[in-house]
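Scroll down for the structure; my scribbles are underneath it.
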Amino acid sequence: MQRGTNMMDGRSSIFCLRRWALGLLIALAALPARAQDLTVGVRSGQLSLDPQFNSNGPDTSAARNVFDALLRRGPDFTLLPNLATEWHAVGPDLWEFKLRRDVSWQDGTPFTAADVAFSVARVPQAADATGGFRAYVKSIRQIIVVDDHTIRFATNGPAATLPAELEEVFILSQKAVTQAGPEGFKTGAAAIGTGPYRFVAWQPSVSARLQRWDGYWGADKPHWKTATFEVIPEDASRAAALLSGQVDLINYVPPSVVGTLAANPQIGVFKCASIYVYILHPDGRETSPAVSDLDGKPLPKNPFRDLRVRKAMSMAIDRDAIAQVTMEGLATPARQLMPLNFVGVDPNAPKLPYDVKGAQALMAEAGYPKGFKVRLTCTNNRLPNDDKVCIALAPMLRRIGI
Numbered sequence: 001m002q003r004g005t006n007m008m009d010g011r012s013s014i015f016c017l018r019r020w021a022l023g024l025l026i027a028l029a030a031l032p033a034r035a036q037d038l039t040v041g042v043r044s045g046q047l048s049l050d051p052q053f054n055s056n057g058p059d060t061s062a063a064r065n066v067f068d069a070l071l072r073r074g075p076d077f078t079l080l081p082n083l084a085t086e087w088h089a090v091g092p093d094l095w096e097f098k099l100r101r102d103v104s105w106q107d108g109t110p111f112t113a114a115d116v117a118f119s120v121a122r123v124p125q126a127a128d129a130t131g132g133f134r135a136y137v138k139s140i141r142q143i144i145v146v147d148d149h150t151i152r153f154a155t156n157g158p159a160a161t162l163p164a165e166l167e168e169v170f171i172l173s174q175k176a177v178t179q180a181g182p183e184g185f186k187t188g189a190a191a192i193g194t195g196p197y198r199f200v201a202w203q204p205s206v207s208a209r210l211q212r213w214d215g216y217w218g219a220d221k222p223h224w225k226t227a228t229f230e231v232i233p234e235d236a237s238r239a240a241a242l243l244s245g246q247v248d249l250i251n252y253v254p255p256s257v258v259g260t261l262a263a264n265p266q267i268g269v270f271k272c273a274s275i276y277v278y279i280l281h282p283d284g285r286e287t288s289p290a291v292s293d294l295d296g297k298p299l300p301k302n303p304f305r306d307l308r309v310r311k312a313m314s315m316a317i318d319r320d321a322i323a324q325v326t327m328e329g330l331a332t333p334a335r336q337l338m339p340l341n342f343v344g345v346d347p348n349a350p351k352l353p354y355d356v357k358g359a360q361a362l363m364a365e366a367g368y369p370k371g372f373k374v375r376l377t378c379t380n381n382r383l384p385n386d387d388k389v390c391i392a393l394a395p396m397l398r399r400i401g402i
């Protein structure tokens with residue numbers, strides 16, 4: 001790889017409670033057949049009721065219960081109709097979307113192309129410091145409302161990925177957001193969507209409560225009358241809450257308790273391949289403050305800029321061992337930057353080699369026969385066992401002098 005070194009993709013589930021992407025591995029307790037109230041234990045909650053504020057997983061998964069985008073993803077990640085029934089390019093830099101005619105907002109107002117134009121134009125102003133969803137609309141230079149159910153987007157040159165990018169952008173009610181004013185999402189007055197659930201109550205980083213909206217336009221009507229999401233950050237506490245009956249469903253099941261939960265006849269554990277890939281990304285700048293020689297002195301040039309060094313690092317990583325031991329069998333070795341079930345990947349990509357001797361030879365060829373020092377920076381408790389993966393990398397890289 002030129003820049004990044006793939007390690008593995010998680011064999012973990014993206015589970016949707018109607019449309020709440022509950023992410024990674026999930027476990028569900030047995031419920032009465034006619035149960036109408038669901039309590040879900042989640043690792044983290046949404047930071048804002050504004051679905052365009054940021055693109056963090058907890059926020060976007062929460063928003064999908066209340067708001068819709070123009071398109072949606074199917075189980076195999078293909079793009080499917082949602083608020084838009086069809087879309088096509090009408091020119092090299094112009095896309096047209098046809099909109100549903102049978103959709104109303106949760107306050108009874110008809111959904112139209114004006115709402116779409118308002119929502120897409122709002123994204124740059126609504127984003128937080130991380131940029132939110134700006135990246136998904138940056139190719140759009142003009143929004144053209146053709147009629148109430150047709151909208152066009154003129155782009156800065158050809159933009160083949162625009163439909164996929166707009167699948168990420170939630171559509172808001174122009175009327176509700178405008179009338180509610182700047183504090184509308186803090187009070188909940190602006191949180192009016194077209195989705196299967198409507199907002200009832202929310203405490204940041206504590207809980208969220210939703211209620212079924214019977215006016216939902218989709219054919220797949222929501223089953224639960226109410227859904228309450230309780231934030232339980234600690235993995236062990238979340239699993240304990242499921243076992244005790246405090247909650248009915250949890251996400252981000254810690255790998256260490258999967259066996260215990262699966263052995264319980266009252267609990268179902270669900271897993272499948274996710275879109276998450278753990279990637280080791282070397283610093284590609286001319287000089288790197290994270291790199292030094294073995295005595296801790298700065299190096300005249302950054303070794304990561306040498307392809308041979310990056311290839312050596314890749315060859316030194318035993319992905320099978322990480323997947324089976326560190327991740328306790330809940331991951332598979334990755335072969336490219338995206339998992340095999342994602343659009344645009346090579347289904348026949350060769351397995352990345354594990355060859356310590358070959359890696360040592362490449363290090364010597366690159367001028368680092370004894371290696372160098374590097375500060376390895378990793379996430380901690382963002383994804384399952386990410387800290388353990390980081391720790392497992394150290395001895396593997398040390399074998400080639402790093």
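Numbering (the numbering used here) for the sequence shown: 1 to 402.
Idealized CB from N, CA, C, for every residue including glycine.
All of these numbers come straight from a predicted model, not from anything done at the bench.
Ile391 - containing alpha helix (DSSP H), residue span: Numbered from 1 along the sequence shown, position 391 holds the residue referred to as residue 391. Here the alpha helix (DSSP H) through Ile391 covers 386-398.
Option nearest Asp115 by Cα separation, candidates Asn381, Ser173, Met396, Arg198: As a working mapping, residue 115 is identified with position 115 in the sequence shown. Residue Ser173 is the option with its Cα nearest to Asp115.
Nearest-angstrom Cβ-Cβ length linking Ala236 and Pro254, presumed shorter than 8 Å: Residue numbering aside, residue 236 sits at position 236 when the sequence shown is read from its first letter. Residue numbering aside, residue 254 sits at position 254 when the sequence shown is read from its first letter. Sure, about 7 Å apart at Cβ, within 8 Å.
Backbone secondary structure at Thr39 - three-state DSSP: Start at 1 with the first residue of the sequence shown, and residue 39 comes out as number 39. Here Thr39 sits in strand by DSSP.
Coarse secondary structure for Gly268, derived from DSSP in three states: One-based indexing of the sequence shown puts residue 268 at position 268. Here Gly268 sits in strand by DSSP.
Pairwise C-alpha distance: Val257 and Leu162: As a working mapping, residue 162 is identified with position 162 in the sequence shown. As a working mapping, residue 257 is identified with position 257 in the sequence shown. In a straight line, the C-alpha of Leu162 is about 41 Å away from that of Val257.
Where the alpha helix (DSSP H) containing Val356 begins and where it ends: Start at 1 with the first residue of the sequence shown, and residue 356 comes out as number 356. 356-365 is the extent of the alpha helix (DSSP H) around Val356.
Candidates Lys175, Leu249, Thr150, Asn54: closest to Gly108 by CA position: Here the question's residue 108 lines up with position 108 in the sequence shown. Selected option, being the one with the closest Cα: Lys175.
Per DSSP, cross-strand counterpart(s) of Tyr197: What you label residue 197 is simply residue 197 of the sequence shown in a count that begins at 1. The partner list for Tyr197 (beta bridge, DSSP) reads Arg212.
According to DSSP, residues forming a beta bridge with Ile322: Here residue 322 refers to the residue found at position 322 of the sequence shown. Paired residue(s): none; Ile322 is not in a bridge.
Among Val269, Ala63, His223, the one whose alpha carbon lies nearest that of Leu242: Sequence index remark: in the sequence shown, residue 242 carries index 242 (1-based). The shortest Cα separation from Leu242 among Val269, Ala63, His223 belongs to Val269.
At least three beta-carbon pairs within less than 8 Å, the region 111-130 to the region 35-53: yes
Collapsed DSSP secondary structure at Ala331 in the structure displayed: Position 331 of the sequence shown, counted from the start, is the residue given in the question as residue 331. It is a strand residue.
Buried versus exposed call for Ser61 [16 or more other C-beta atoms within 10 Å across all chains shown]: Here residue 61 refers to the residue found at position 61 when the sequence shown is read from its first residue. Counting Cβ neighbours within 10 Å, Ser61 comes out buried, since at least 16 surround it.
Val247 versus Asp220: straight-line alpha-carbon distance, rounded: Indexing the sequence shown from 1 puts residue 247 at position 247. Indexing the sequence shown from 1 puts residue 220 at position 220. Approximately 24 Å between the Cα atoms of the pair.
Buried or exposed (CB count within 10 angstroms, at least 16 for buried), Ser205: The sequence position of residue 205 within the sequence shown is 205, counting from 1. So Ser205 ends up on the exposed side.
Inter-residue Cα distance where the pair is Arg375 and Ile317: The residue you call residue 375 lines up with position 375 of the sequence shown. The residue you call residue 317 lines up with position 317 of the sequence shown. In a straight line, the C-alpha of Arg375 is about 17 Å away from that of Ile317.
CB of Asn341 within 9 Å of CB of Ile275, strictly: As a first step, residue 341 is located in the sequence shown; it is residue number 341 there, counting from the start. As a first step, residue 275 is located in the sequence shown; it is residue number 275 there, counting from the start. For Asn341 and Ile275, yes; Cβs fall inside 9 Å.
Spatial neighbours of Phe97 in its chain, beta-carbon cut-off 7 Å, leaving aside the 5 residues before and after: Looking up residue 97 in the sequence shown gives position 97. So the qualifying residues of the chain are Leu70, Ala84, Trp87, Ile151.
Proximity test, Cβ basis, 9 Å: Glu230 and chain B: Considering every chain present, this structure includes no chain B. It has just one protein chain.
Option nearest Ser292 by Cα separation, candidates Tyr368, Leu307, Pro222: Start at 1 with the first residue of the sequence shown, and residue 292 comes out as number 292. The shortest C-alpha separation from Ser292 is found at Tyr368.
Inter-residue Cα distance where the pair is Phe229 and Pro182: As a working note, residue 229 is residue 229 in the sequence shown. As a working note, residue 182 is residue 182 in the sequence shown. Their Cα atoms are separated by approximately 26 Å.
Cβ neighbour criterion (16 or more within 10 Å) applied to Ala323: Within the sequence shown, residue 323 is the residue found at index 323, counting from 1. It counts as buried.
Simplified DSSP assignment, three categories, for Thr78: Position 78 of the sequence shown, counted from the start, is the residue given in the question as residue 78. Three-state result, Thr78: coil.
Contact under 9 Å by Cβ, Phe133 with Leu94: Walking along the sequence shown from the start, residue 133 turns up at place 133. Walking along the sequence shown from the start, residue 94 turns up at place 94. Contact flag unset, no.
For Asp283 and Arg305, the rounded distance between their alpha carbons: For this step, residue 305 is matched to residue 305 along the sequence shown. For this step, residue 283 is matched to residue 283 along the sequence shown. The alpha-carbon atoms of Arg305 and Asp283 are separated by roughly 8 Å.
Tyr278 in three-state terms, based on DSSP: For the purposes of this step, residue 278 is taken as the residue at position 278 of the sequence shown. Strand, per DSSP.
CB contact flag (Ala189, Gln203, <9 Å): In the sequence shown, the residue the question calls residue 189 occupies position 189. In the sequence shown, the residue the question calls residue 203 occupies position 203. No. Outside cutoff.
Bridge partners - Val231, DSSP secondary structure assignment: For the purposes of this step, residue 231 is identified with residue 231 of the sequence shown, where counting begins at 1. Per DSSP, Val42.
Residues of its chain near Ala394, where Cβ-Cβ distance is below 8 Å and the 5 sequence neighbours each way are ignored: Start at 1 with the first residue of the sequence shown, and residue 394 comes out as number 394. Result list for Ala394: Leu376, in chain order.
Integer-rounded CB distance, given that Pro110 should sit under 8 Å from Ser104: Your numbering for residue 104 matches position 104 in the sequence shown. Your numbering for residue 110 matches position 110 in the sequence shown. That pair is a contact at about 6 Å.
Arg141 burial status per 10 Å Cβ neighbour count (16 or more: buried): Here residue 141 refers to the residue found at position 141 when the sequence shown is read from its first residue. With fewer than 16 Cβ atoms within 10 Å of its Cβ, Arg141 is classed as exposed.
Segments assigned beta strand (DSSP E), at least 3 residues, entirely inside the region 142-204: 150-155, 197-203
Check whether Ser139 and Glu165 have beta carbons under 9 Å apart: Translated into the one-based positions of the sequence shown, residue 139 becomes position 139. Translated into the one-based positions of the sequence shown, residue 165 becomes position 165. Cβ distance < 9 Å, so Ser139 and Glu165 count as in contact.
Under 9 Å between C-beta atoms of Val309 and Met396: Residue 309 sits at position 309 when you count from the first residue of the sequence shown. Residue 396 sits at position 396 when you count from the first residue of the sequence shown. Cβ atoms of Val309 and Met396: not closer than 9 Å.
Buried versus exposed call for Gln106 [16 or more other C-beta atoms within 10 Å across all chains shown]: Along the sequence shown, one-based indexing puts residue 106 at 106. Counting Cβ neighbours within 10 Å, Gln106 comes out buried, since at least 16 surround it.
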